[in-house]
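Adding 4 to a residue's 1-based position in the sequence shown gives its number in the numbering used here.
C-beta atoms are modelled at their ideal positions from N, C-alpha and C, and glycine is treated no differently.
Notes for the one structure printed next.
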Amino acid sequence: AVALSLLSLTLGSALIAFGLPATVVGFVGVVIAGAIGAFIDDKFVDELNHKIIK
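Take a look at the structure:
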(Lines of atoms letter the chains of each structure in order from A and count residues from 1; the text may use other names and numbers.)
(Lines give C-alpha, C1' and ligand atoms only; values in the text may rest on other atoms or scores of the structure.)
Protein backbone atom coordinates (compact mmCIF):
# COMPACT_ATOMS: atom_id res chain seq x y z
CA ALA A 1 0.00 0.00 0.00
CA VAL A 2 2.86 2.36 0.78
CA ALA A 3 4.60 1.59 -2.50
CA LEU A 4 1.38 2.19 -4.44
CA SER A 5 0.81 5.51 -2.71
CA LEU A 6 4.38 6.62 -3.46
CA LEU A 7 3.95 5.58 -7.09
CA SER A 8 0.71 7.56 -7.26
CA LEU A 9 2.36 10.58 -5.69
CA THR A 10 5.28 10.62 -8.10
CA LEU A 11 3.18 9.79 -11.16
CA GLY A 12 0.56 12.37 -10.23
CA SER A 13 3.16 15.05 -9.61
CA ALA A 14 4.84 14.30 -12.94
CA LEU A 15 1.55 14.43 -14.84
CA ILE A 16 0.53 17.71 -13.21
CA ALA A 17 3.99 19.17 -13.92
CA PHE A 18 3.58 18.02 -17.53
CA GLY A 19 0.50 20.24 -17.71
CA LEU A 20 -2.39 17.83 -17.45
CA PRO A 21 -5.46 18.98 -15.52
CA ALA A 22 -6.01 17.56 -12.05
CA THR A 23 -9.22 15.85 -13.21
CA VAL A 24 -7.31 13.85 -15.82
CA VAL A 25 -4.64 12.94 -13.28
CA GLY A 26 -7.33 11.75 -10.86
CA PHE A 27 -8.99 9.70 -13.59
CA VAL A 28 -5.67 8.09 -14.55
CA GLY A 29 -5.10 7.24 -10.88
CA VAL A 30 -8.48 5.53 -10.62
CA VAL A 31 -7.84 3.53 -13.79
CA ILE A 32 -4.40 2.43 -12.58
CA ALA A 33 -5.76 1.44 -9.15
CA GLY A 34 -8.54 -0.55 -10.82
CA ALA A 35 -6.09 -2.32 -13.10
CA ILE A 36 -3.84 -3.27 -10.19
CA GLY A 37 -6.86 -4.46 -8.22
CA ALA A 38 -7.97 -6.63 -11.14
CA PHE A 39 -4.63 -8.44 -11.23
CA ILE A 40 -4.70 -9.39 -7.54
CA ASP A 41 -5.71 -13.02 -7.07
CA ASP A 42 -8.53 -13.52 -4.55
CA LYS A 43 -6.92 -16.66 -3.11
CA PHE A 44 -3.73 -14.71 -2.47
CA VAL A 45 -5.72 -12.04 -0.63
CA ASP A 46 -7.49 -14.66 1.50
CA GLU A 47 -4.17 -16.27 2.40
CA LEU A 48 -2.69 -12.89 3.25
CA ASN A 49 -5.69 -12.03 5.44
CA HIS A 50 -5.33 -15.29 7.37
CA LYS A 51 -1.63 -14.62 7.94
CA ILE A 52 -2.32 -11.07 9.13
CA ILE A 53 -5.10 -12.14 11.49
CA LYS A 54 -2.92 -14.84 13.13
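> Do the stretch 44-53 and the stretch 19-30 make contact, defined as three or more Cβ pairs closer than 8 Å?
Replying inline: Segment contact: the stretch 44-53 against the stretch 19-30, fewer than three CB-CB distances shorter than 8 Å; contact not assigned.
> Taking the Cβ atom as the reference point for each residue, do S17 and G33 lie within a distance shorter than 7 Å?
Replying inline: no
> Ordered along the chain, which non-local residues of its own chain (more than five positions away) have a Cβ less than 7 Å from that of I44?
Replying inline: none
> When DSSP labels each residue in this structure, what does K55 get in the three-state scheme?
Replying inline: helix
> Between I57, F22, K58 and L15, which lies nearest to V35 when the distance is taken from Cα to Cα?
Replying inline: It is L15 whose Cα lies nearest to the Cα of V35.
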